[in-house]
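Chemist: When we follow numbering that gives the first Met the number 0, the leftmost residue of the sequence shown carries the number 0, and every step to the right adds one.
A virtual CB, placed ideally from N, CA and C, is assigned to each residue, including glycine.
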Amino acid sequence: MKILVCISNVPDTTSKITFTDGNTSLSTAGVQYIVNPYDEIALSRAIALTEGGKGSVTVIHVGEASADATIRKALATGADEAVRVNASPRDGWFVANQIARYAKENNFDLILTGKESIDYNGAQVASYLGELLDIPSVSSVKKLDVEGESVKVEREIEGGKELLTIPLPVVLGTGEGVAEARIPNMRGIMSARTKPLNVVEPVEVAEHSRIVEYETPAPRGAVNLIDAGNEAELVNLLHTKARVI
């Protein structure tokens, strides 16, 4: 089985985010980047499915050379090879088109993404890939098993869960529950140095959206402390200031 895992290079959640160029760009100064956690889950499941000579795992990332360390971490975790499309990932549509081009040329049985990236939370790439490749796509997958020429998945729906059997090839957007993220060991880190990281040039994609400006959330206001027994003042503030009653 050939599995393609799509990975994003995202800021660590402990990083302080600031903007530059008139709030039109993310400032990378002092920001630590990591593999998107949902993509790590997808990668861990792909590795488990191919262990024991049952297949191969390729990771693909759309980004510039600054992301190579993140890609090497995916190789250290257990991926067999990596591909980097040499372009800035301007939006989900652009990213999906780059991945779809590579996937068409290499005939993968299963394509895994995280259900979303933790920086933009767009949750778009898996669906776009399904349309571009003309194969089924399912997102918010909580459980995944391969049986013969099909996959059985469990996914979240409003008010419960859904069980599906889908023929291969298929695109799946994975979330918590699919696997536990693996931590690279020393052997994996050493072997990652010799695994191939292929750089390919992007295809042209028409611009469908662009970021006009970023802004940080408004600072929280001061806390109003109401003395015990002053219910009238509490009701008044909830009505006139918070406007929730």
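Please name the residue or residues paired with Val140 in a DSSP beta bridge.
Modeler: The partner list for Val140 (beta bridge, DSSP) reads Arg154, Thr173.
Chemist: Can you list, in chain order, the stretches of the alpha helix (DSSP H) that have 4 or more residues and sit fully within the region 13-88?
Modeler: Entirely contained in the region 13-88, the alpha helix (DSSP H) runs reaching 4 residues are, in chain order, 36-49, 67-76.
Chemist: Between Thr112, Gly174, Gly77, which lies nearest to Gly52 when the distance is taken from Cα to Cα?
Modeler: Nearest of Thr112, Gly174, Gly77 to Gly52, Cα basis: Gly77.
Chemist: From this set, Glu200, Gly29, Tyr32, which residue's C-alpha is nearest Val61's C-alpha?
Modeler: When each option's Cα is compared against that of Val61, the closest is Glu200.
Chemist: Helix or strand or just coil, what does DSSP make of Asn197?
Modeler: The answer is strand: DSSP assigns Asn197 an E or B state.
Chemist: Below 8 Å on the Cβ atoms is my contact criterion, and I expect Thr57 with Asn8 to pass it. Report the Cβ-Cβ distance as a whole number of Å.
Modeler: 17 Å between Cβ atoms; not a contact.
Chemist: With a cut-off of 8 Å, do at least 3 Cβ pairs link the region 194-212 to the region 149-159?
Modeler: Contact between the region 194-212 and the region 149-159 is absent, because fewer than three Cβ pairs lie under 8 Å.
Chemist: Using alpha carbons as the reference points, say which of Glu146, Thr19, Ile46 lies closest to Glu179.
Modeler: Checking every option, the nearest Cα to that of Glu179 belongs to Ile46.
Chemist: Which term fits Ser26, buried or exposed, when burial requires 16 or more other beta carbons within 10 angstroms of its beta carbon?
Modeler: Ser26 comes out exposed.
Chemist: Apart from the five residues just before and just after Glu63, which ones in its own chain have a Cβ nearer than 8 Å to its Cβ?
Modeler: Once the five neighbours on either side are set aside, the close Cβ partners of Glu63 are Asn85, Ala86, Ser87.
Chemist: How is Val4 classed by DSSP in three states: helix, strand or coil?
Modeler: Strand at Val4.
Chemist: Candidates Asn229, Lys114, Glu161: which alpha carbon is nearest Tyr37's?
Modeler: Residue Lys114 is the option with its Cα nearest to Tyr37.
Chemist: From the DSSP output, which residues share a beta bridge with Pro10?
Modeler: Note: Pro10 sits in a beta bridge opposite Tyr32.
Chemist: Using the Cα positions of Val222 and Ile244, report the straight-line distance between them to the nearest angstrom.
Modeler: If you take the alpha carbons of Val222 and Ile244, they lie about 18 Å apart.
Chemist: Taking the C-alpha atoms as reference points, what is the distance between Ile59 and Ala102?
Modeler: Taking the straight line joining both Cα atoms gives about 10 Å.
Chemist: Put Val204 into one of helix, strand or coil per three-state DSSP.
Modeler: Three-state result, Val204: coil.
Chemist: So, does the region 12-29 touch the region 223-233, judging by three or more C-beta pairs under 8 Å?
Modeler: Cβ pair count under 8 Å is below three, so no.
Chemist: Closer than 6 Å by C-beta to Glu232: which residues in its own chain qualify, once you throw out the five before and the five after it? Chain order, please.
Modeler: Hits under 6 Å: Ile225.
Chemist: Leaving aside the five residues before and after Ala191 along the sequence, list all residues of the same chain whose C-beta is less than 7 Å from its C-beta, in chain order.
Modeler: These residues qualify, in order along the chain: Arg71, Leu74, Ala75.
Chemist: What do you reckon, is the C-beta of Ser208 under 8 Å from a heavy atom of the ligand PLP?
Modeler: With respect to the ligand PLP, the structure offers nothing, as it holds no ligand at all.
Chemist: Classify Gln31 as buried or exposed, calling it buried when 16 or more other Cβ atoms lie within 10 Å of its own Cβ.
Modeler: Exposed, by the Cβ-count rule.
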